[in-house]
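Enquirer:
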Amino acid sequence: MYRGGRIPVITKCLHPTPPPTTIASIYNERSTTYDAAIFHHRLAEEYIRAAAPQPGAQVLDLACGTGLVTFLAEAQVGPTGTVVGVDISEGMLEVARGKAQRTGSRVTFYQHDISNLSDLDLNPNPGGQDDGAGQFDLITCAAALVLLPDPLGAIRSWAELLRNGGKLVTDVAARDVHVPARIFEWIGPQLGLSLQWDQSWVKGEESLAGLLTEAGLEVEKVYVSPVFQVKEYRVEQAGELFEQAVSGPMFRNFGVGSVRDKAKRLFVERFVEEAGEEGVLVDEAKMYIGVAVKR
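Below, the structure written as structure tokens:
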């Protein structure tokens, strides 16, 4: 867990992230299978443990997706609380709204770019005169921060929506634990390609702490989450892992056109190099999770 000390200042991403329309398209495609991944459910449960939403609280869930964090938060705040969800992907929101309709949920969902909420009326108390500024006790943003072109600017704008004493909970993936992403990030420069997100600024827990601090929030804690899922890959699976990865939207840019064959060769070569004599790479799904307070 991050315990203080010198914090590097993060000002902007080093590599460009895709435009919001591309992110929306990626998650529209993922929407029907997103909930099948046990990792997503376990991350949502960890968010609720970290955030500890209280009865009656006003909660804003950004990048709410299919509502995994959203509905758990609603159960915690109870009938006197309010939860609002925002996501760029209509496909993800369609799944979330379907759940809400089946369960009688009172969550309000909006389709919008979470990087800029200035033109969205987020008043958690419909009928009131406020636009949501300073109204929320808790803001959550799970598994989305590295997709944003300006994480610092986004967090600063979110902080304006918090009450004094309100909390923000967000995360980034722990460095170098996801095998396909790590290898694609390594071979990308040789192909003139990059990942669909930018995590180049993340060096450890202190990077997220620095971002939250620079945004004007008081860091309560930044910690490494439990390992949500473990996968082992052997060298003979390297080619299959490449094919599986590029068949989905997150890494598809490495598997199209003339770049595909070279990308696969480089992927397998890097996999074999990393696996070494043991011939195995271990993929651990874990995150750096930050909890920060507005003072």
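At position 78 of the sequence shown the residue is numbered 78 (full-length UniProt numbering), and the sequence of numbers has no breaks.
Positions of the beta carbon are idealized from the N, C-alpha and C atoms, including for glycine.
#1: Enumerate in chain order the residues of its own chain whose CB-to-CB distance from V259 is below 6 Å, with the five nearest sequence positions on each side excluded.
#2: Alpha carbon to alpha carbon, how far is G279 from Q54? Give it in angstroms, no decimals.
#3: Checking 8 Å against the spacing of the C-beta atoms, do S31 and S105 come in under that value?
#4: Could you tell me which of N164, V77, A154, F271 sits nearest to S118, measuring between CA atoms?
#5: Starting from F251 and walking both ways along the alpha helix (DSSP H), at which residues does that stretch end?
#6: Whole angstroms are fine: how far does the CA of V86 sit from the CA of D113?
#7: According to DSSP, F136 sits in a beta bridge with which residue or residues?
#8: Could you check whether the Cβ of S118 sits closer than 7 Å to any heavy atom belonging to the ligand FAD?
#9: Give me, in chain order, the residues of the same chain whose beta-carbon lies closer than 7 Å to that of L93; leave out the 5 immediate sequence neighbours on both sides.
#10: Kindly give me the distance between the Cβ atoms of L62 and H41, rounded to whole angstroms, as I take these residues to be in contact under 8 Å.
#11: What are the start and end residues of the beta strand (DSSP E) that includes V280?
#12: Going by other Cβ atoms of all chains shown within 10 Å of its Cβ, with 16 needed for buried, is I38 buried or exposed?
#13: Helix or strand or just coil, what does DSSP make of residue 300?
Expert: Checking against the coordinates, here is how it stands:
#1: Taking the first residue of the sequence shown as 1, we reach residue 259 at position 259. Same-chain partners within the cutoff: L191.
#2: Reading the sequence shown from its first residue, position 54 is the one you call residue 54. Reading the sequence shown from its first residue, position 279 is the one you call residue 279. Each residue's alpha carbon lies about 48 Å from the other.
#3: Sequence index remark: in the sequence shown, residue 31 carries index 31 (1-based). Sequence index remark: in the sequence shown, residue 105 carries index 105 (1-based). No, Cβ-Cβ distance for S31 and S105 is not below 8 Å.
#4: The sequence position of residue 118 within the sequence shown is 118, counting from 1. Comparing Cα-Cα distances from S118 to each of N164, V77, A154, F271, the minimum goes to A154.
#5: Looking up residue 251 in the sequence shown gives position 251. From DSSP, F251 is part of no alpha helix (DSSP H); its letter is neither H nor E.
#6: The count along the sequence shown starts at 1 and reaches residue 113 at position 113. The count along the sequence shown starts at 1 and reaches residue 86 at position 86. Cα to Cα, the separation comes out at about 8 Å.
#7: For the purposes of this step, residue 136 is taken as the residue at position 136 of the sequence shown. Answer is L162.
#8: The model depicted lacks the ligand FAD and carries no ligand whatsoever.
#9: Counted from its first residue, the sequence shown places residue 93 at position 93. Correct list, in chain order: D87, F109, Q111.
#10: Position 62 of the sequence shown, counting from 1, holds the residue named residue 62. Position 41 of the sequence shown, counting from 1, holds the residue named residue 41. Their Cβ separation, rounded to whole angstroms, is 19 Å, which puts L62 and H41 out of contact at 8 Å.
#11: Taking the first residue of the sequence shown as position 1, residue 280 is located at position 280. Its beta strand (DSSP E) spans residues 280 to 285.
#12: By 1-based counting over the sequence shown, the position of residue 38 is 38. It is exposed - the Cβ of I38 has fewer than 16 other Cβ atoms within 10 Å.
#13: It is not possible to answer for residue 300, since the shown part of the chain is limited to 1 through 295.
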